[in-house]
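First up is the structure itself, then whatever we jot down about it.
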Amino acid sequence: EDQVTQSPEALRLQEGESSSLNCSYTVSGLRGLFWYRQDPGKGPEFLFTLYSAGEEKEKERLKATLTKKESFLHITAPKPEDSATYLCAVQHLNDYKLSFGAGTTVTVRA
Amino acid sequence: NAGVTQTPKFQVLKTGQSMTLQCAQDMNHEYMSWYRQDPGMGLRLIHYSVGAGITDQGEVPNGYNVSRSTTEDFPLRLLSAAPSQTSVYFCASRRGGETQYFGPGTRLLVL
Chain A
6 EDQVTQSPEA LRLQEGESSS LNCSYTVSGL RGLFWYRQDP GKGPEFLFTL
56 YSAGEEKEKE RLKATLTKKE SFLHITAPKP EDSATYLCAV QHLNDYKLSF
106 GAGTTVTVRA
Chain B
-2 NAGVTQTPKF QVLKTGQSMT LQCAQDMNHE YMSWYRQDPG MGLRLIHYSV
48 GAGITDQGEV PNGYNVSRST TEDFPLRLLS AAPSQTSVYF CASRRGGETQ
98 YFGPGTRLLV L
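Read top to bottom, the protein sequences are chains A and B. All residue numbers for the first sequence refer to the numbering used here, where the first residue is 6 and numbers rise by one. All residue numbers for the second sequence refer to the numbering used here, where the first residue is -2 and numbers rise by one.
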C-alpha cells in the first residue's frame, strides 16, 4: 500500500534559522512528487514538482530535493512569512492520482 | 482566470440534512477531484472525474455522491449528513498529469 510520511509534524524556527522537512514515501510507481504550501483557512498552493532522483528545484528561500525513497524541503534563512503547513504528495504512474502526507506545520518567529 | 472556485465557504448542517458543495473551474481541465482534510490525516480523496460524464470513487467515498455534466462543474452531494463528515472540503483540478490546483475550501460542521 502506498504511504507518504512527513516529519516532523511541527517545526518552530527562529528567523534566519535554516532547517529541513522530510517526506518519505513508498509507492508502486512514482510519476512525480509535489510540494504544496497551505496557509490557515486557505487551499494548498503549488510549490514544486520533482520527477526523478537527484532532481532539485528552488524558489526564493525554498529548495526541494528528491531521492528514490524521500524528498527534502530545505528552508534557508526563513522569515515569518514562511510560516505555513507544507504538504508533500506523490503522483502515481498509472492513474495520476495524488497521495498526500499529513503535512509539516512550520512556525517562524521574528 | 478565477481558477478553482468553491461555494459555500462555511456551512452548518444538522444530522440527516442533505446539501451540495459547489465547485467550478475555468481552466478547461478534464480532471477534477474532491478531497477532505482532517487534522493529522492529510488530504483524502473522496471522488474524482476524468471528464464530463465520467466519475469514480476515491479513498473515502461513503456518504458522498458526485456527477459531472460539464467540464467546468463538479458538485459534491452529501445525502444524509453525519457528524463524521465534519471536515474541510477541497476541490481540485488539473490537466492530465500536470500540476493540480486547489480551491479555497468549504468548512462543514455537522451537528
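Heads up, the beta-carbon is just placed ideally off N, CA and C, and yes, glycines get one too.
#1: Rank B:Phe7, B:Met29 and B:Asn(-2) by C-alpha distance to the C-alpha of glutamine 54 (chain B) and give the top, closest one.
#2: Is there at least one Cβ from chain B nearer than 8 Å to arginine 42 (chain A)'s Cβ?
#3: Among the residues of its own chain, which have a CB less than 7 Å from the CB of aspartate 119 (chain B), if the five just before and after it don't count?
#4: DSSP three-state label for aspartate 70 (chain B), please.
#5: Going by CA-CA distance only, name the one from A:Pro83, A:Phe39, A:Glu65 and A:Tyr101 that's closest to glutamine 19 (chain A).
#6: Which of the residues in the region 93 to 106 of chain B, read from start to end, lie with their CB under 9 Å from any CB of chain A?
#7: May I ask you to list, following chain order, the residues of the region 22 to 53 of chain A that have a beta carbon less than 9 Å from some beta carbon of chain B?
#8: Taking only beta-carbon atoms, is leucine 18 (chain B) less than 8 Å away from chain A?
#9: At a Cβ threshold of 8 Å, is glutamine 8 (chain A) touching chain B?
#10: Should the region 96 to 113 of chain A be regarded as contacting the region -2 to 7 of chain B, the criterion being three or more beta carbon pairs within less than 8 Å?
#11: Given alanine 111 (chain B), which residues of its chain have a CB within under 6 Å of its CB, disregarding the five upstream and five downstream residues?
#12: For glutamine 19 (chain B), which residues from the same chain have a beta carbon less than 6 Å from its beta carbon, with the 5 sequence-adjacent residues on both sides left out?
#13: According to DSSP, simplified to helix, strand and coil, what is glutamate 75 (chain A)?
#14: For asparagine 27 (chain A), report the span of its beta strand (DSSP E) as first-last.
#15: Any residues in the region 58 to 77 of chain A with a beta carbon nearer than 7 Å to a beta carbon of chain B? Which ones, in chain order?
On the basis of the coordinates in this document:
#1: Counting from 1 along the second sequence, the entry for residue 54 (chain B) is found at position 57. It is B:Met29 whose Cα lies nearest to the Cα of glutamine 54 (chain B).
#2: Counting from one through the first sequence, the residue named residue 42 (chain A) turns up at place 37. No, no contact with chain B.
#3: The question about residue 119 (chain B) has no answer, for chain B in this structure spans -2 to 108.
#4: By one-based count along the second sequence, residue 70 (chain B) stands at place 73. Here aspartate 70 (chain B) sits in strand by DSSP.
#5: Looking up residue 19 (chain A) in the first sequence gives position 14. Checking every option, the nearest Cα to that of glutamine 19 (chain A) belongs to A:Pro83.
#6: Gly93, Gly94, Glu95, Thr96, Gln97, Tyr98, Phe99, Gly100, Pro101, Gly102 and Arg104
#7: Arg36, Gly37, Phe39, Tyr41, Gln43, Gly46, Lys47, Gly48, Pro49, Glu50 and Phe51
#8: Walking along the second sequence from the start, residue 18 (chain B) turns up at place 21. It does not; no Cβ of chain A falls within 8 Å.
#9: On the first sequence, residue 8 (chain A) is found 3 positions in, with the first residue counted as 1. For glutamine 8 (chain A), the answer is no, since every Cβ of chain B falls outside 8 Å of its Cβ.
#10: no
#11: Examination of residue 111 (chain B) is not possible in this model, given that chain B is present from -2 through 108 alone.
#12: As a working mapping, residue 19 (chain B) is identified with position 22 in the second sequence. So the qualifying residues of the chain are Thr4 and Pro72.
#13: The sequence position of residue 75 (chain A) within the first sequence is 70, counting from 1. In the structure shown, glutamate 75 (chain A) sits in a strand (DSSP, three-state: E or B).
#14: As a working note, residue 27 (chain A) is residue 22 in the first sequence. Residues 24 to 31.
#15: none
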